[in-house]
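2 protein chains.
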Amino acid sequence: MTAPSAGWLVVVGLGPGDDALVTDQVRGVLAEATDVLGYIPYVARIAPRPGLTLHPTDNREELQRADHALDLAQQGRRVVIVSSGDPGVFAMASALFEACEGRESLPDIRVMPGITAMLAAAARAGAPLGHDFCSINLSDNLKPAALIEKRVRLAAEADFAMAFYNPRSASRPETFGRVLAVLRAHCEPSRLIIFARNVSLPDERLLTVTLADAREEMADMRTLVIVGNSATRRVGPYVYTPRAAG
Amino acid sequence: MTAPSAGWLVVVGLGPGDDALVTDQVRGVLAEATDVLGYIPYVARIAPRPGLTLHPTDNREELQRADHALDLAQQGRRVVIVSSGDPGVFAMASALFEACEGRESLPDIRVMPGITAMLAAAARAGAPLGHDFCSINLSDNLKPAALIEKRVRLAAEADFAMAFYNPRSASRPETFGRVLAVLRAHCEPSRLIIFARNVSLPDERLLTVTLADAREEMADMRTLVIVGNSATRRVGPYVYTPRAAG
Chain A
1 MTAPSAGWLV VVGLGPGDDA LVTDQVRGVL AEATDVLGYI PYVARIAPRP GLTLHPTDNR
61 EELQRADHAL DLAQQGRRVV IVSSGDPGVF AMASALFEAC EGRESLPDIR VMPGITAMLA
121 AAARAGAPLG HDFCSINLSD NLKPAALIEK RVRLAAEADF AMAFYNPRSA SRPETFGRVL
181 AVLRAHCEPS RLIIFARNVS LPDERLLTVT LADAREEMAD MRTLVIVGNS ATRRVGPYVY
241 TPRAAG
Chain B
1001 MTAPSAGWLV VVGLGPGDDA LVTDQVRGVL AEATDVLGYI PYVARIAPRP GLTLHPTDNR
1061 EELQRADHAL DLAQQGRRVV IVSSGDPGVF AMASALFEAC EGRESLPDIR VMPGITAMLA
1121 AAARAGAPLG HDFCSINLSD NLKPAALIEK RVRLAAEADF AMAFYNPRSA SRPETFGRVL
1181 AVLRAHCEPS RLIIFARNVS LPDERLLTVT LADAREEMAD MRTLVIVGNS ATRRVGPYVY
1241 TPRAAG
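Going down the list, the protein sequences come from chains A and B. Residues in the first sequence are numbered from 1 upward in steps of one, following my numbering. Residues in the second sequence are numbered from 1001 upward in steps of one, following my numbering.
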């Protein structure tokens, strides 16, 4: 019996949806893979080919998926976990490293970056993240609502622009309304807010409103929300944040 | 005399340095350009070809470069401004929109996202930005040092992971030392800090230390610094931030 050839595990970002936003680095590793794992709609973006096994699984199965990927790599397979956006931003990379805890040995693991949703959304709007900013996941089930509200309050006090991922989930629909209330308590009513849905896809939709006009129904789980800082402004059809501090 | 064909202006991100991290979208628009403008080392990444005029210019000439690009596009040229990383994160997109202010008309402008340095650095380290985080430009000459220190203090209070761009400039070498002092006043000595220099290039260097061991000389202008949150930890050779709140 010969020893299995050395397997590996790579976590890649497929970008926000448009295949033109995938890097050559990611294309290259996908071409070498024997196994691709991920959430069903992301695995659906990978073209089948002989020698490649696709393992689509449901959402909220991140740790099981990571364990399965680690096992396959340790059996000598060449394994890719696909995330949308960037795998390190509210996606699969952290779940994978959580699954590494307590294992006696680890396969060769690499993370390959991708275009995360906030960068794609910002580019479509103009340059609303052109000055200091923060990124907050509003749907994390592992995070108390009070902590989300505290972070938004401190971000407003710091005058960060803000990007909100997963702003409004079916299981916690009230979170985004509370966040809007925190913003209204700490920011001027003319503050600009961008709702970017399905960025880079054919049904992309971009909406820019003032905080006074923002309503929680403008967001859903496929929306990336960007809140400008106090200096964010419009020029022509574009929204941007100047490089100088407000 | 015939009217000039419609010109356009696109600001693109070339990623952190490795050409394998450029998107097809960016490659496509570069293939159609008549003029490419940008800081000398970024324009040096573009292959010359017949019909393409390269306009490399020095750093700190962002507004003149943007004005030149706008003029060329309005003369009917197909113009690309190249940034490293992502053009909307501490790069050329905001400068371009600043230059649009006060103009009577604007050409067709698009921004195309790229892999920004913090995502490439995070991927090399593991997943240190896997929970809520902020991005702060430490070298912005248009920002008072007190504001930088205030933002770092509030980010520590919010328990954000932090990415620092341009941490240590020749003109303001003292800023990063002050930032380390703020971190020491608000974070535990075991807090993990990653110094990532020239990520994705052949001379890439990654160094992870605790806050207690961090020294300002570990950073220069080509370094991206990531400060973990209170839960950021090591597993094997990797550094990651768990998805759950610390």
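All C-beta atoms, glycine included, are put in the ideal place defined by N, C-alpha and C.
Ranked by how close their Cα comes to the Cα of residue 126(A), the residues 10(A), 232(A), 66(A) have 232(A) in first place. In this structure, residue 1242(B) keeps its C-beta atom at 9 Å or more from the C-beta atom of residue 61(A).
Rounded to the nearest whole angstrom, the CA to CA distance from residue 1124(B) to residue 21(A) is 20 Å. Residue pairing of residue 83(A) in beta bridges, as defined by DSSP: 13(A). When the beta-carbon positions are compared, residue 196(A) and residue 121(A) come within less than 9 Å of each other.
At least 9 Å separates the beta-carbon of residue 1226(B) from that of residue 1210(B).
Put simply, the CB of residue 1018(B) is near chain A, with a gap under 9 Å to one of its CB atoms.
Using a Cβ distance threshold of 9 Å, residue 135(A) and residue 172(A) do not count as a contacting pair. In the DSSP assignment, residue 1056(B) falls within the unbroken beta strand (DSSP E) covering 1053-1057. The beta carbon of residue 1137(B) sits closer than 7 Å to the beta carbons of 1090, 1165, 1166 from its chain, once the five residues preceding and following it are set aside; these are given in chain order. With respect to residue 1178(B), residue 1220(B) sits apart: the two C-beta atoms are not nearer than 9 Å.
For a cut-off of 8 Å, the C-beta gap from residue 1009(B) to residue 1093(B) is around 11 Å, too long to register as a contact. Among the residues facing chain A, residue 1039(B) is not included, as its CB has no counterpart in that chain under 9 Å away. Taken atom to atom, the span from the alpha-carbon of residue 1113(B) to that of residue 223(A) is near 18 Å. For the pair residue 17(A) and residue 146(A), the Cα-to-Cα distance works out to about 32 Å.
Per DSSP, reduced to three states, the secondary structure at residue 129(A) is coil, with no helix or strand assignment.
Among the CB atoms of chain B, one or more fall inside 9 Å of the CB of residue 115(A). Residue 28(A) has no beta-bridge partner at all, per DSSP.
Interface residue (Cβ-Cβ distance to chain B less than 9 Å): residue 187(A) is not classified as such. As for any alpha helix (DSSP H) of minimum length 4 sitting wholly inside the segment 169-216 of chain A, the runs are 175-186, ordered along the chain. Annotation: residue 208(A) to residue 1131(B) spans about 26 Å, alpha carbon to alpha carbon. For residue 109(A), the enclosing beta strand (DSSP E) covers residues 108-112. By the neighbour-count definition (other C-beta atoms within 10 Å, threshold 16), residue 63(A) is an exposed residue.
Chain B has a Cβ within less than 9 Å of the Cβ of residue 132(A).
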